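S.K.: These protein sequence lines map, in sequence, to chains A and B. Going by this note's numbering, the first sequence opens with residue 1, and the numbers climb by one from there. Going by this note's numbering, the second sequence opens with residue 407, and the numbers climb by one from there. Note that CB positions come from ideal geometry on N, CA and C, so glycine has one too. All figures in this text were calculated on a predicted structure; none of them were measured in a lab. Here you go, one structure.
2 protein chains.
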Amino acid sequence: MKYIAGGVCAAKGFKAAGVFCGVKANSSPSKKDLALIYSEIPCAAAGIFTKNQVKAAPVLLDMELLKNGNAQAIVANSKNANACAPEGMENARRMCQAAAASLNIPAENVMVSSTGVIGQRLNIEAIEKGIPMAAAELSSDGSDAAAHAIMTTDTVKKEFACELDIGGHTVHIGGIAKGSGMIHPNMGTMLCYITTDCAISSAMLKKALLAANSVSFNRISVDGDTSTNDSCIVLANGLAGNTEITAEGDDYTAFLEAFTAICTNLARSMAADGEGAKHLITCKVNGAKSIEQAETIGKSVIGSALTKSAIFGCDANWGRVLAAMGYSGETFDPEAVDVSFASEAGSVKVCENGRGLDFDEELAKKILSEKEVIIDILMAEGKCEATCWGCDLTYDYVRINGDYRT
Amino acid sequence: MKYIAGGVCAAKGFKAAGVFCGVKANSSPSKKDLALIYSEIPCAAAGIFTKNQVKAAPVLLDMELLKNGNAQAIVANSKNANACAPEGMENARRMCQAAAASLNIPAENVMVSSTGVIGQRLNIEAIEKGIPMAAAELSSDGSDAAAHAIMTTDTVKKEFACELDIGGHTVHIGGIAKGSGMIHPNMGTMLCYITTDCAISSAMLKKALLAANSVSFNRISVDGDTSTNDSCIVLANGLAGNTEITAEGDDYTAFLEAFTAICTNLARSMAADGEGAKHLITCKVNGAKSIEQAETIGKSVIGSALTKSAIFGCDANWGRVLAAMGYSGETFDPEAVDVSFASEAGSVKVCENGRGLDFDEELAKKILSEKEVIIDILMAEGKCEATCWGCDLTYDYVRINGDYRT
Chain A
1 MKYIAGGVCA AKGFKAAGVF CGVKANSSPS KKDLALIYSE IPCAAAGIFT KNQVKAAPVL
61 LDMELLKNGN AQAIVANSKN ANACAPEGME NARRMCQAAA ASLNIPAENV MVSSTGVIGQ
121 RLNIEAIEKG IPMAAAELSS DGSDAAAHAI MTTDTVKKEF ACELDIGGHT VHIGGIAKGS
181 GMIHPNMGTM LCYITTDCAI SSAMLKKALL AANSVSFNRI SVDGDTSTND SCIVLANGLA
241 GNTEITAEGD DYTAFLEAFT AICTNLARSM AADGEGAKHL ITCKVNGAKS IEQAETIGKS
301 VIGSALTKSA IFGCDANWGR VLAAMGYSGE TFDPEAVDVS FASEAGSVKV CENGRGLDFD
361 EELAKKILSE KEVIIDILMA EGKCEATCWG CDLTYDYVRI NGDYRT
Chain B
407 MKYIAGGVCA AKGFKAAGVF CGVKANSSPS KKDLALIYSE IPCAAAGIFT KNQVKAAPVL
467 LDMELLKNGN AQAIVANSKN ANACAPEGME NARRMCQAAA ASLNIPAENV MVSSTGVIGQ
527 RLNIEAIEKG IPMAAAELSS DGSDAAAHAI MTTDTVKKEF ACELDIGGHT VHIGGIAKGS
587 GMIHPNMGTM LCYITTDCAI SSAMLKKALL AANSVSFNRI SVDGDTSTND SCIVLANGLA
647 GNTEITAEGD DYTAFLEAFT AICTNLARSM AADGEGAKHL ITCKVNGAKS IEQAETIGKS
707 VIGSALTKSA IFGCDANWGR VLAAMGYSGE TFDPEAVDVS FASEAGSVKV CENGRGLDFD
767 EELAKKILSE KEVIIDILMA EGKCEATCWG CDLTYDYVRI NGDYRT
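Written out as structure tokens, the structure is:
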């Protein structure tokens, strides 16, 4: 497997576009707000969505449409979440229909997503004018524009792709994602679209999506807030020409490994670009009695406001790591826990068997000043491990979210 | 029942003191760091403690000592949590023994608490020198000094007392508490000490403590971080002369009502003084199918980083309230939810049946600019309600916690 360029257009037969259509009144045309992703032929499709009880209209619509396991296009807008909004479902359907008309495909094969402010009426008229523009701009190098069009408070686009060999055929997998705040995916993810030319059944595609999601998107948190709009949709058009994957085996394993790598890169980049973040926090938990225990403890640590604030301050306050482990809900022996901080600047053990060690504060400060900081936890419960990703809590997070609607 | 002054010394036979003994090297003598509370006669006692798996040594010791339901004194230091610290249990016992020696009572009747930084060795020598000083200063107007001595990042002392009539006898209940960060009590509370001269058995005292705790301390959150040191201890010396309360009945009901009022005031004052807080957020949930549902939803709302940031910005971003309700884990009909914001400046309904209303943004801003902001949620699931308290997320929370240890 090797990483390549091209995002959602890396796989054969996929085109994308991103345009400005004015979803929000008086917004600047320099920020695109409408994305379109299209496959030349129908695709096996799978999706996972937010577990939030309050689901946006496009999420409810996609869940319904995906029951047949097929799709051919995705249309998505930023600047408005179409959640808790008047005429939400009607407007989601109108988005579908407009894209179907422009692409000359059935409306039931168009997935639709929205992201932005909750509770305001979607400007469907602007979107209906924008969709034909986007359709006209579809191209095999349109992934960059689509990735930018779905961004909200994101500061960098999230786009990854790779290629691998399956049975002598070169298969491509690529994805784009957005996500910066209200990030605490629960079984679903953020807005994320992945395309592949791999031939794979929709059942196996769903299986791969669930497996990859559980170790990538479900292991990140920016602020503990699970969105109303989390969606991850994958389209597979089969144009790579490999024998269709319809069961587990070497081909599925190779596909899953590469697919998981793309999901993990997208997830990490969301955590690193968390609203206001100065640091990506990677928490590695080793020596757990189960993967679930490792994951629960890791997510508790990256979710701790106090730990996040300490990392912002480059303060090696490991007591907060222990406290967050302790309130995770998992049972473990606190007197058998070791904690180290690490980064490109080195590594320092700060706690052994649940007790503080004397350590070099200057070195610790240097380690914690790097962009990516690793919190390395070793327990004595078993041999399982998990890695989770979060970010620090900063003044900018508060500033960004103190006045998001205006 | 009427509120009175005096805190933990409001009840007959109780004395308190707060002194500076230098728990932390080079700290200013202007901030007291050692508190002592003492009853002239032995008391029925009850306590509840953190459910964090990582418990501080004094918590583990108190849990053991309280098994007999008796106590006569409480000694507590700030500036060091004696959690995950070398010789933690040994130092907790030495604190007990020093207080017992100074007060000439058995060591098993002395409760001990610590609060402050996790993971550093307790300066027990300073405390052992300080305890005789505190014992010498015990007085019936010492509650103020004790309340100040247990403060860490608190900006105001938390102290309440009341009196009520039970069977023709005037009974007093008073308490002090500290708590500003790492506040998300889970069955236990923060450091909180309550005294009463009511005659009540330790079993009924424990029952009252659990009942009051469930609607007060367990309904506040500052940052979602459950401390290693949460402790709430109540001492009842019986000097009011009422017939001892040994079962439910009118006397117990009257006691519980007043006791709950004191706990609620202490809890609210902790939330209002949350680290860096500019606003106390009171979330009232009505129309729930159970008290548990109302409480779970209310705690999810006050715990939401995005909702907290919006209140900091005086931004009526009710979509975040809906989102936080939705990820609470509770099942409910999102299309039957109304939300209003209220304060001393008025009230404005912003969401009806799960959809946004047009509302006066200027009025909303004015309402949200008050110190106490109420988020009023009405569901259509049933007739149960709960009120929870939190605070906004501010630059100062990040500043305070970016460099707490130094």
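So, A/G224 versus A/G303, is the Cβ gap smaller than 7 Å?
M.R.: It is a contact, given that the beta carbons lie within the stated cut-off.
S.K.: My parser needs the alpha helix (DSSP H) runs of 4 or more residues fully inside the segment 277 to 321 of chain A; what are they?
M.R.: Those alpha helix (DSSP H) runs which fall completely within the segment 277 to 321 of chain A and span 4+ residues are 291 to 303, 305 to 312.
S.K.: Taking all protein chains shown into account, decide if A/E330 is buried (16 or more other Cβ within 10 angstroms of its Cβ) or exposed.
M.R.: Result: buried.
S.K.: Count the other CB atoms within 10 Å of the CB of A/L210; is the residue buried (16 or more) or exposed (fewer)?
M.R.: Under this definition A/L210 is an exposed residue.
S.K.: For chain A, find out if any of its Cβ atoms is closer than 7 Å to the Cβ of B/D809; answer yes or no.
M.R.: By this cut-off, B/D809 is an interface position.
S.K.: Exposed or buried, B/A451, counting other C-beta atoms within 10 Å across all chains shown (16 or more means buried)?
M.R.: With 16 or more other Cβ atoms within 10 Å, it is buried.
S.K.: What residue ranges within the segment 351 to 389 of chain A form continuous beta strand (DSSP E) runs of no fewer than 3 residues, ordered along the chain?
M.R.: If we require 3 residues or more, the beta strand (DSSP E) runs fully inside the segment 351 to 389 of chain A come out as 372 to 378.
S.K.: Could you check whether A/A240 and A/V171 sit closer than 7 Å to each other, using their CB atoms as the reference points?
M.R.: Result yes, Cβ atoms of A/V171 and A/A240 sit closer than 7 Å.
S.K.: Would you check if the distance between the CB atom of A/K308 and the CB atom of A/D392 is smaller than 7 Å?
M.R.: Cβ atoms of A/K308 and A/D392: closer than 7 Å.
S.K.: Out of B/S546, B/A605, B/I600, point me to the one whose CA is closest to B/G574's CA.
M.R.: Nearest of B/S546, B/A605, B/I600 to B/G574, Cα basis: B/A605.
S.K.: Of all Cβ atoms in chain A, is any one closer than 7 Å to the Cβ of B/A711?
M.R.: Yes, contact with chain A.
S.K.: Identify whether B/A411 lies in helix, strand or coil by the three-state DSSP scheme.
M.R.: Three-state result, B/A411: coil.
S.K.: Does any residue of chain B have a CB that is nearer than 7 Å to the CB of A/A323?
M.R.: A/A323 counts as touching chain B.
S.K.: Assign B/G536 to one of two classes, buried (16 or more other C-beta atoms within 10 Å of its C-beta) or exposed (fewer than that).
M.R.: B/G536 comes out buried.
S.K.: Give a yes or no on whether the C-beta atoms belonging to B/N723 and B/E741 are separated by under 7 Å.
M.R.: No. Outside cutoff.
S.K.: Exposed or buried, A/T243, counting other C-beta atoms within 10 Å across all chains shown (16 or more means buried)?
M.R.: Classification for A/T243: exposed.
S.K.: With a threshold of 7 Å between beta carbons, is B/P492 in contact with chain A?
M.R.: Yes, contact with chain A.
S.K.: Which complete beta strand (DSSP E) runs does the segment 605 to 691 of chain B hold, if anything under 3 residues is left out?
M.R.: DSSP runs (the beta strand (DSSP E)) wholly in the segment 605 to 691 of chain B: 637 to 642.
S.K.: Going by beta carbon distance, what residues of the same chain come within less than 6 Å of B/G424, once the five residues before and after it are set aside?
M.R.: Hits under 6 Å: K438, A441, A551, A552, H554, A555.
S.K.: What does A/T152 reach in chain B if we use C-beta pairs closer than 9 Å?
M.R.: Residues of chain B passing the Cβ test: none, with the nearest at roughly 13 Å.
S.K.: Between B/I639 and B/Y599, is the Cβ-Cβ spacing less than 7 Å?
M.R.: Yes, the pair counts as a contact, with Cβ atoms nearer than the cut-off.
S.K.: Is it the case that the segment 345 to 361 of chain A contacts the segment 294 to 301 of chain A, given that we only count it when at least three CB pairs across the two stretches are under 8 Å?
M.R.: No, because fewer than three Cβ pairs between the segment 294 to 301 of chain A and the segment 345 to 361 of chain A fall closer than 8 Å, the two stretches do not touch.
S.K.: How about the segment 45 to 64 of chain A and the segment 89 to 96 of chain A: do they share at least three Cβ pairs that are nearer than 8 Å?
M.R.: With a cut-off of 8 Å, the segment 89 to 96 of chain A and the segment 45 to 64 of chain A count as touching, because enough Cβ pairs lie within range.
S.K.: Just the C-alpha distance for A/A11 and B/A489, rounded to the nearest angstrom, thanks.
M.R.: Straight-line Cα distance between these residues: approximately 54 Å.
S.K.: Roughly how many whole angstroms lie between the Cα atoms of A/T195 and A/I176?
M.R.: Computed Cα separation, rounded: 9 Å.
S.K.: Do B/G788 and B/A642 have their beta-carbon atoms positioned less than 7 Å apart in this structure?
M.R.: No, the Cβ-Cβ distance between B/A642 and B/G788 is not below 7 Å.
S.K.: Taking Cβ positions only, does A/P58 come closer than 7 Å to chain B?
M.R.: Judged by the 7 Å Cβ criterion, A/P58 is not in contact with chain B.
S.K.: Express the C-alpha separation of B/G580 and A/N77 in angstroms, rounding to a whole number.
M.R.: Each residue's Cα considered, the two are about 57 Å apart.
S.K.: Along chain B, in chain order, which residues have C-beta atoms closer than 7 Å to that of A/Q120?
M.R.: Near A/Q120 (Cβ distances below 7 Å), the residues of chain B are G762.
S.K.: Measure the C-alpha to C-alpha separation of A/R268 and A/I220 and round it to an integer number of angstroms.
M.R.: Approximately 7 Å, taken between the alpha carbons.
S.K.: Give me, in chain order, the residues of the same chain whose beta-carbon lies closer than 7 Å to that of A/G326; leave out the 5 immediate sequence neighbours on both sides.
M.R.: The residues are P334.
S.K.: Which two residues bound the contiguous beta strand (DSSP E) that contains B/N476?
M.R.: Start and end: 476 to 483.
S.K.: Whole angstroms are fine: how far does the CA of B/S608 sit from the CA of A/K178?
M.R.: Going by the C-alpha atoms only, they are around 56 Å apart.
S.K.: Quick one: residues in its chain with C-beta nearer than 7 Å to the C-beta of A/L164, no 5 flanking neighbours on either side, listed in chain order?
M.R.: Cβ neighbours of A/L164 beyond the five flanking positions: M1, V171, A254, A258.
S.K.: Which bits of chain A does B/N432 rub up against, with CB to CB less than 8 Å?
M.R.: In chain order: nothing, as chain A lies at least about 16 Å away.
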